[in-house]
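A.B. asks: Mind looking over this structure? Questions follow.
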DNA sequence: GGTATTCATTGGCTTCCCCAATGTTTTTTG
DNA sequence: CAAAAAACATTGGGGAAGCCAATGAATACC
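Protein chains in written order, with this note's numbering: chain A, 8 to 159; chain B, 8 to 159.
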């Protein structure tokens, strides 16, 4: 008597439900991997974005990553405390805080990026490379409703 | 100078990140739709599962939907308060609570299911039917790691 | 018959998301 | 040029969801 995990087909077929489950697993895998470096997902995302965008304001970071300003303050607080980034007033616009990655941040990022990539590989292990690309394509078109709303 | 939403490509290409964003949008769409009937996502999922599985224990419901026992208590509490389900001790196993859908629950479910389906249609509006099916297939294979772990 | 397991429940903790208010600085506008 | 409007960082509060631990009652296993 295998007590199979009954699957309510009604719910299970909904993209929103599947997305939630898949996202939960992805979050768990990545978070666990990053935790081995004492890093959390959002912190890693911000660090990666700072590395890519250069000195950037917290507001811009928040818009890029869909992170609430309130949470951004906390995340940057943590990253500054760990000396992975610096937060200095932007001389060109003194409202803004210019967030810049530090050498230690760059070093940490190199490690956490590997961990994140490995976790993502495990997440998509059941997929062929072509399928993985297709998944990324489909998700990209779903994730943001107005990718070209700007041009309309 | 269009202040485009800068997209950190490093992060944006990660399936885990895309899944998170897409799931967030799906959650928002579905939650907003269900809210118009005073229903929340988890409540709707449980109601739907109860309708499909018949009288069922909370533990089984939790396993089916990956809901924590603690949260299940609250959800069933709410559903009972709204008289959408009944919770009675199972005579065959007095540890269990047999959760059963009520006529009112069936009626409400019919409405909330339409709302949920509509929200999912909007979520996948950018996809062709074939692409939507493929997305469901890919997500299904990603969402649960051990679909056949039982046989290992 | 005694040990282990399952079940429902309560409690506490953490993360993420959303809204509101404030003081400072910039931009827009009249 | 001065007043109004907007943007920025910050603080505060609150809701939804997830995760682990502990408890008492009931069942299953040995």
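Ideal Cβ positions, reconstructed from N, Cα and C, are used throughout, including at glycine. As the structure is a prediction and not an experimental result, all values here were calculated from the model.
Within 8 Å of any Cβ in chain B, is that where the Cβ of residue 8/A sits?
C.D. replies: Working through the first chain from its first residue, we reach residue 8/A at position 1. Low local confidence applies: a pLDDT of 38 at residue 8/A is under 50, so the model's placement there is unreliable, with the coordinate-based value given in what follows. Judged by the 8 Å Cβ criterion, residue 8/A is not in contact with chain B.
A.B. asks: Would DSSP call residue 131/B helix, strand or coil?
C.D. replies: Working through the second chain from its first residue, we reach residue 131/B at position 124. Coil, per DSSP.
A.B. asks: The beta strand (DSSP E) spanning residue 47/B covers which residue range?
C.D. replies: By one-based count along the second chain, residue 47/B stands at place 40. Unbroken run through residue 47/B: none, as it is neither H nor E.
A.B. asks: Would you identify the three-state DSSP class for residue 52/B, choosing helix, strand or coil?
C.D. replies: Taking the first residue of the second chain as 1, we reach residue 52/B at position 45. The answer is helix: DSSP assigns residue 52/B an H, G or I state.
A.B. asks: Is residue 22/B helix, strand or coil by DSSP?
C.D. replies: Numbered from 1 along the second chain, position 15 holds the residue referred to as residue 22/B. In the structure shown, residue 22/B sits in a helix (DSSP, three-state: H, G or I).
A.B. asks: Which residues of chain B have a Cβ atom closer than 7 Å to the Cβ of residue 37/A, listed in chain order?
C.D. replies: By 1-based counting over the first chain, the position of residue 37/A is 30. Ordered by position in chain B, the residues that pass the 7 Å Cβ test against residue 37/A are 23.
A.B. asks: If you measure from the beta carbon of residue 65/A to each beta carbon in chain B, is any gap under 8 Å?
C.D. replies: Locating residue 65/A in the first chain gives position 58, counting from the first residue. So, not an interface residue.
A.B. asks: Relative to the alpha-carbon of residue 57/A, which residue among 71/A, 46/A, 124/A has its alpha-carbon at the smallest distance?
C.D. replies: Start at 1 with the first residue of the first chain, and residue 57/A comes out as number 50. Comparing Cα positions, the closest option is 71/A.
A.B. asks: Is residue 143/A close to chain B, meaning its C-beta is less than 8 Å from at least one C-beta of that chain?
C.D. replies: By one-based count along the first chain, residue 143/A stands at place 136. Yes, residue 143/A counts as interfacial toward chain B.
A.B. asks: Does the distance from the C-beta atom of residue 25/A to that of residue 146/B stay below 8 Å?
C.D. replies: Your numbering for residue 25/A matches position 18 in the first chain. Your numbering for residue 146/B matches position 139 in the second chain. Taking 8 Å as the Cβ cut-off, residue 25/A and residue 146/B qualify as a contacting pair.
A.B. asks: Between the C-alpha atoms of residue 107/B and residue 60/B, what's the straight-line distance to the nearest angstrom?
C.D. replies: By 1-based counting over the second chain, the position of residue 107/B is 100. By 1-based counting over the second chain, the position of residue 60/B is 53. Approximately 9 Å, taken between the alpha carbons.
A.B. asks: Measure how close the beta-carbons of residue 36/B and residue 126/B come, nearest whole angstrom, since I'm counting them as under 8 Å.
C.D. replies: Position 29 of the second chain, counting from 1, holds the residue named residue 36/B. Position 119 of the second chain, counting from 1, holds the residue named residue 126/B. So it is a contact: roughly 4 Å between Cβ atoms.
A.B. asks: Does chain A have any CB closer than 8 Å to the CB of residue 138/B?
C.D. replies: On the second chain, residue 138/B is found 131 positions in, with the first residue counted as 1. Yes, residue 138/B counts as interfacial toward chain A.
A.B. asks: Drop a sphere of 10 angstroms on the beta-carbon of residue 66/B, count the other beta-carbons inside from all chains shown, and report buried for 16 or more, exposed for fewer.
C.D. replies: Taking the second chain and counting its residues from 1, the one referred to as residue 66/B is at position 59. Label assigned to residue 66/B: exposed.
A.B. asks: Applying the criterion that 16 or more other CB atoms from any shown protein chain within 10 Å of the CB defines a buried residue, is residue 20/A buried or exposed?
C.D. replies: As a first step, residue 20/A must be located in the first chain, where it is residue number 13. Classification of residue 20/A: exposed, given that the 10 Å Cβ count is below 16.
A.B. asks: Over the uninterrupted beta strand (DSSP E) stretch that includes residue 106/A, give me the two end residues.
C.D. replies: As a first step, residue 106/A must be located in the first chain, where it is residue number 99. Counting along the chain, the beta strand (DSSP E) containing residue 106/A begins and ends at 104-108.
A.B. asks: By the criterion of Cβ-Cβ separation under 7 Å, what are the contact partners of residue 61/B in chain A?
C.D. replies: Translated into the one-based positions of the second chain, residue 61/B becomes position 54. Result: empty, since nearest Cβ-Cβ is about 11 Å, beyond 7 Å.
A.B. asks: Thinking C-alpha only, which one of 100/B, 140/B, 30/B is nearest residue 63/B?
C.D. replies: Residue mapping note: residue 63/B aligns to position 56 of the second chain, counting from 1. Nearest C-alpha to residue 63/B: 100/B.
A.B. asks: With distances taken Cα to Cα, identify the nearest neighbour of residue 119/B among 94/B, 50/B, 140/B, 143/B.
C.D. replies: By one-based count along the second chain, residue 119/B stands at place 112. The shortest C-alpha separation from residue 119/B is found at 50/B.
A.B. asks: On a Cα-Cα basis, can you pick out the residue from 68/A, 117/A, 124/A, 116/A that is closest to residue 94/A?
C.D. replies: As a working note, residue 94/A is residue 87 in the first chain. The option with the nearest alpha carbon to residue 94/A is 68/A.
A.B. asks: How many Å lie between residue 102/B and residue 86/A at the Cα?
C.D. replies: In the second chain, counting from the first residue as 1, residue 102/B sits at position 95. In the first chain, counting from the first residue as 1, residue 86/A sits at position 79. Using only the alpha carbons, I get a separation of about 48 Å.
A.B. asks: When you compare the CB positions of residue 143/A and residue 29/B, do they come within less than 8 Å of one another, or not?
C.D. replies: What you label residue 143/A is simply residue 136 of the first chain in a count that begins at 1. What you label residue 29/B is simply residue 22 of the second chain in a count that begins at 1. Not a contact, by the Cβ cut-off of 8 Å.
A.B. asks: I'd like to check one pair, residue 73/B with residue 34/A: are the Cβ atoms closer than 8 Å?
C.D. replies: By 1-based counting over the first chain, the position of residue 34/A is 27. By 1-based counting over the second chain, the position of residue 73/B is 66. Cβ distance not < 8 Å, so residue 34/A and residue 73/B don't count as in contact.
A.B. asks: Could you list which residues in chain A have their beta carbon closer than 7 Å to that of residue 127/B, in chain order?
C.D. replies: Against the second chain, residue 127/B aligns to sequence position 120. Neighbours of residue 127/B on chain A, chain order: 21, 22, 23.
A.B. asks: Can you tell me which of the three DSSP states residue 96/B falls into?
C.D. replies: Taking the second chain and counting its residues from 1, one reaches residue 96/B at position 89. Residue 96/B: strand per DSSP, three-state reduction.
A.B. asks: Just to confirm the assignment, what range does the alpha helix (DSSP H) spanning residue 149/A have?
C.D. replies: In the first chain, residue 149/A corresponds to position 142, counting from 1. Here the alpha helix (DSSP H) through residue 149/A covers 136-150.
A.B. asks: Could you tell me the distance, in whole angstroms, from the CA atom of residue 159/A to the CA atom of residue 39/B?
C.D. replies: The residue you call residue 159/A lines up with position 152 of the first chain. The residue you call residue 39/B lines up with position 32 of the second chain. At residue 159/A, the pLDDT of 32 sits below 50, so the modelled position is not reliable; the number obtained from the coordinates is stated separately. Whole-angstrom Cα-Cα distance: 25 Å.
A.B. asks: Would you report the Cα separation of residue 48/B and residue 41/B, rounded to the nearest angstrom?
C.D. replies: Start at 1 with the first residue of the second chain, and residue 48/B comes out as number 41. Start at 1 with the first residue of the second chain, and residue 41/B comes out as number 34. When rounded, the distance between both Cα atoms is 7 Å.
A.B. asks: Based on the DSSP output, what are the partners of residue 63/A in its beta bridges?
C.D. replies: Stepping through the first chain from its first residue, residue 63/A is reached at position 56. DSSP output for residue 63/A lists 106/A as bridge partner(s).
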